[in-house]
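Numbering (my numbering), first residue to last: 1 to 162.
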C-alpha cells in the first residue's frame, strides 16, 4: 500500500520546469526597443496632445522619413501645423521633471501647458518636447500608460543624442 501511495503522489508532482531562455544583454534589448520605437514613430504613435487652450486632443505623433522633423496630426488627416525640426529640441522633459522657468517661490514640474491642461493624476503618463529658438515651443503629450511614457522619453532622448 505504501508503494501505491508513493506512485499516486508522484502523479501530482509538478513536472520539472525547463531552464528559462537566457535574457539577451540589456544593450540588445534597448536596441530592439529603439528600432521598434523608430518604426512606430514613422507610422504615427497615438497620444493625447495637450494644447495651450487647456484641451487635450487625440493625435498621432510622427516623424518624417529622415527623422529630421516631428509633427502631430489627427488620425487619417494631414497635419494642420508645420513639422518642427528635431535638431531644435533641446530637452525631453517628463511631466515630473522640474520646470526651470518656475524657479521663483514655488518650483513646478512639467510645462505650463501640461499643468494647465492635464489632470495631476496623469503626471507619470506625460512628457514634453521643448524646442529652442525664439518661439520656445513645446509639444506636450500624454501616453496611455506610464510604461509607454517612459519608453517614449528614453527613446526620444536616444534619438536626439545620435
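Note that beta-carbon positions come from the ideal geometry of N, C-alpha and C, so glycine has one too. None of these values were measured; they are calculated from a predicted model.
**OP:** Output the boundary residues of the beta strand (DSSP E) element that contains residue 163.
**Re:** The displayed coordinates of the chain run from 1 to 162. Any statement about residue 163 would go beyond what the structure contains.
**OP:** Could you pull out every residue in the same chain whose Cβ sits closer than 8 Å to the Cβ of residue 102, ignoring the five residues on either side in sequence?
**Re:** Close CB contacts of residue 102 within its chain, under the 8 Å cut and outside five residues either way in sequence, are with 108 (chain order).
Original post:
Measuring CB to CB, does residue 160 end up less than 7 Å from residue 89?
Top reply: In terms of Cβ geometry, residue 160 and residue 89 form a close pair [threshold 7 Å].
Original post:
How about the stretch 50 to 60 and the stretch 72 to 91: do they share at least three Cβ pairs that are nearer than 8 Å?
Top reply: The answer is yes - the stretch 72 to 91 touches the stretch 50 to 60, with three or more Cβ pairs under 8 Å.
Subject >> Rounded separation between residue 45 and residue 104 - CA only >> reply: Using only the alpha carbons, I get a separation of about 36 Å.
**OP:** Return the chain-ordered list of same chain residues with a C-beta closer than 6 Å to the C-beta of residue 5, the five sequence neighbours on each side being excluded.
**Re:** Low local confidence applies: a pLDDT of 48 at residue 5 is under 50, so the model's placement there is unreliable, with the coordinate-based value given in what follows. So the list is empty, once near-sequence residues are dropped.
Original post:
Which whole-angstrom value is the C-beta distance of residue 142 and residue 122, which I expect to be below 8 Å?
Top reply: With 8 Å as the limit, residue 142 and residue 122 qualify as a contact, their Cβ atoms being about 6 Å apart.
Subject >> Beta-carbon proximity list for residue 124, same chain, < 6 Å, skipping 5 on both sides >> reply: Closer than 6 Å at Cβ, skipping near neighbours: 146.
Original post:
residue 47 lies in the beta strand (DSSP E); which residues open and close that run?
Top reply: Start and end: 45 to 50.
Original post:
What's the call for residue 120, buried or exposed, on a 16-neighbour Cβ count within 10 Å?
Top reply: By the Cβ-count criterion, residue 120 is exposed, with fewer than 16 other Cβ atoms from all chains shown falling within 10 Å of its own Cβ.
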